[in-house]
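In our numbering, the protein residues as written are 6 to 230. Glycine residues also receive a C-beta, built at the ideal position from the N, C-alpha and C atoms. The structure appears below as structure tokens.
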């Protein structure tokens, strides 16, 4: 353990924050209150966390605590202008405005992940133990996953796929696997005609023009990055 964490109370608080994030991952319940609680080691002002789609550098979900709309707009502008890949540049912008400010990111260089997490925060003015710039690294992996799972959960909930019956979901999953109506019928023990009816209802509920469009929607929602 890092020398900064010699304080048992501080270590205990970090472990509690990690456990809270683990619970929010399991329950997909990450929210503003949890974000504020796990960031106990930073100033309770100008706190901001964002889940960023790396393909187009758009913010998909975010929470802000005493972080002005102007600051959010400027930060998001810097992200969209390809400055996300230069974290040191983002840090320099933050510190130029406030020497205590800092930026932390997670999963930015992971080629297997389509999302990254960015956290903006201020180190405490009177700090007798580990600085926030260090402690944030200990919770970032859990913070990122909590954000991601919550986003995926909300996206799935808002998707028309939740309108499908369990049987229709089964059929859609087999469609996404490249199976024909006849093959799906054999797998599920139903007639090809019944499969055809299920497919028609699936396309109607998803407002999809064809099987390919339904497959694309299903595959997108089943990818947990």
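Q | Same chain only: Cβ atoms within 8 Å of residue 229, ignoring 5 sequence neighbours per side | A | Any reading at residue 229 must be qualified, since the residue scores a pLDDT of 40, below 50, and its modelled position is unreliable; the value itself is stated next. So the qualifying residues of the chain are 153, 154, 157.
Q.
Below 8 Å, how does it come out for the segment 113 to 128 and the segment 39 to 58: are there three or more Cβ pairs, yes or no?
A. Using a C-beta cut-off of 8 Å, the segment 113 to 128 makes contact with the segment 39 to 58, since at least three inter-stretch Cβ pairs fall below that distance.
**Q.** Assigned exposure category for residue 53 - 16 Cβ within 10 Å defines buried
**A.** The residue in question, residue 53, is buried, as its Cβ has 16 or more Cβ neighbours within 10 Å.
Q | Spatial distance of residue 148 from residue 208 (CA atoms) | A | Their Cα atoms are separated by approximately 36 Å.
Q. Can the beta-carbon of residue 213 be found less than 8 Å from the beta-carbon of residue 137?
A. Contact annotation: residue 213 and residue 137 have beta-carbon atoms that are not nearer than 8 Å.
Q: Assign residue 122 to one of three DSSP states: helix, strand, or coil.
A: Three-state DSSP puts residue 122 in a strand.
Q. Exposed or buried, residue 44, counting other C-beta atoms within 10 Å across all chains shown (16 or more means buried)?
A. Classification for residue 44: buried.
Q: Report all residues from its chain with a CB closer than 7 Å to the CB of residue 193; omit the five preceding and five following residues, and keep chain order.
A: 175, listed in sequence order.
Q: From the DSSP output, in three-state form, read off residue 72 for me.
A: DSSP places residue 72 in coil when its eight states are reduced to three.
Q) Are the beta-carbon atoms belonging to residue 57 and residue 49 less than 8 Å from one another? A) Remark: C-beta atoms of residue 57 and residue 49 do not approach each other more closely than 8 Å.
Q) Applying the criterion that 16 or more other CB atoms from any shown protein chain within 10 Å of the CB defines a buried residue, is residue 224 buried or exposed? A) Classification of residue 224: exposed, given that the 10 Å Cβ count is below 16.
Q. What are the start and end residues of the beta strand (DSSP E) that includes residue 57?
A. Its beta strand (DSSP E) spans residues 52 to 58.
Q. From residue 117 to residue 196, what does the alpha carbon distance come to, in whole angstroms?
A. Answer to the nearest angstrom: the Cα atoms are 40 Å apart.
**Q.** Other residues of its chain near residue 110: CB distance less than 7 Å, five sequence neighbours each side excluded
**A.** Counting only residues of its own chain and dropping the five nearest sequence neighbours on each side, residue 110 has a CB closer than 7 Å to the CB of 92, 121, 122, 123.
Q: Just mark residue 211 as buried or exposed, buried being the case when its beta carbon has 16 or more other beta carbons within 10 Å.
A: Its Cβ being crowded by 16 or more others within 10 Å, residue 211 is buried.
(Q) Can you tell me whether residue 51 is buried or exposed? The criterion is at least 16 other CB atoms within 10 Å of its CB, across all chains shown. (A) Flag for residue 51 reads buried.
Q: Taking only the alpha-carbon atoms, compute the straight-line gap between residue 72 and residue 188 and give it to the nearest angstrom.
A: Distance between the alpha carbons of residue 72 and residue 188 is about 55 Å.
Q: Could I get the ranges of all uninterrupted alpha helix (DSSP H) runs contained in the segment 110 to 189, with 4 residues as the minimum, in chain order?
A: Complete alpha helix (DSSP H) runs here, min 4: 137 to 163, 171 to 181.
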